[in-house]
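K.L.:
In UniProt numbering, the protein residues as written are 1 to 153.
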């Protein structure tokens, strides 16, 4: 993934964005390698709990990593962004993601940004093998009290 020099929406400098703690990502063991300037990278070493019935990386794990890395890339664009919501995501799987012990790396970048909607791209790699590619549309929020607005029965 390369930064497009012709895209003024991608700022070359890193921005320190306050990322919310996401328990699901912590439970999976996904770690942030870097995030800034409209780009991000996360990684995960596959364990038995990350595998499907064929003993390779579960598609849900791969999609979660891609969703997370694209959202991180978008949130890195502005320090006021506190959270993001995935509006749409498309993932294409190229090959199996790997077996237990493999380290997966997801890379994301912002392709275009408007005031609150960001269009992002992501790739997931197992070594030199491209496992999956994704595109996503994200709505970014400057407030994080979304759960309070939901009505509970």
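Even glycine gets a Cβ: it sits at the ideal position worked out from N, Cα and C.
Tell me which residues share the same chain as residue 34 and place their Cβ nearer than 7 Å to its Cβ, disregarding the 5 neighbours each side in the sequence.
P.N.:
The residue given as residue 34 occupies position 34 in the chain shown. So the list reads 40 and 41, once near-sequence residues are dropped.
K.L.:
Whose CA, out of 71, 25 and 59, lies closest to the CA of residue 120?
P.N.:
To locate residue 120, count along the chain shown from 1; it is residue 120. Of 71, 25 and 59, the residue nearest in Cα terms is 71.
K.L.:
Just the C-alpha distance for residue 53 and residue 45, rounded to the nearest angstrom, thanks.
P.N.:
On the chain shown, residue 53 is found 53 positions in, with the first residue counted as 1. On the chain shown, residue 45 is found 45 positions in, with the first residue counted as 1. Distance between the alpha carbons of residue 53 and residue 45: 18 Å.
K.L.:
Pick helix, strand or coil for residue 58, following the three-state DSSP scheme.
P.N.:
Within the chain shown, residue 58 is the residue found at index 58, counting from 1. If DSSP states are grouped into helix, strand and coil, residue 58 belongs with coil.
K.L.:
If I measure Cβ to Cβ from residue 126 and keep anything under 7 Å in the same chain, skipping five residues before and after, which residues do I get?
P.N.:
Locating residue 126 in the chain shown gives position 126, counting from the first residue. So the qualifying residues of the chain are 97, 98, 102 and 104.
K.L.:
Roughly how many whole angstroms lie between the Cα atoms of residue 113 and residue 88?
P.N.:
Stepping through the chain shown from its first residue, residue 113 is reached at position 113. Stepping through the chain shown from its first residue, residue 88 is reached at position 88. One C-alpha to the other measures close to 15 Å.
K.L.:
Within 10 angstroms of the Cβ of residue 94, are there 16 or more other Cβ atoms? Answer buried if so, exposed if not.
P.N.:
Sequence index remark: in the chain shown, residue 94 carries index 94 (1-based). Residue 94 comes out exposed.
K.L.:
Is the CB-CB distance between residue 73 and residue 131 below 8 Å?
P.N.:
For the purposes of this step, residue 73 is taken as residue 73 along the chain shown, with counting starting at 1. For the purposes of this step, residue 131 is taken as residue 131 along the chain shown, with counting starting at 1. No, they are not a contact pair.
K.L.:
Helix or strand or just coil, what does DSSP make of residue 75?
P.N.:
Numbered from 1 along the chain shown, position 75 holds the residue referred to as residue 75. Note: residue 75 maps to helix in three-state DSSP.
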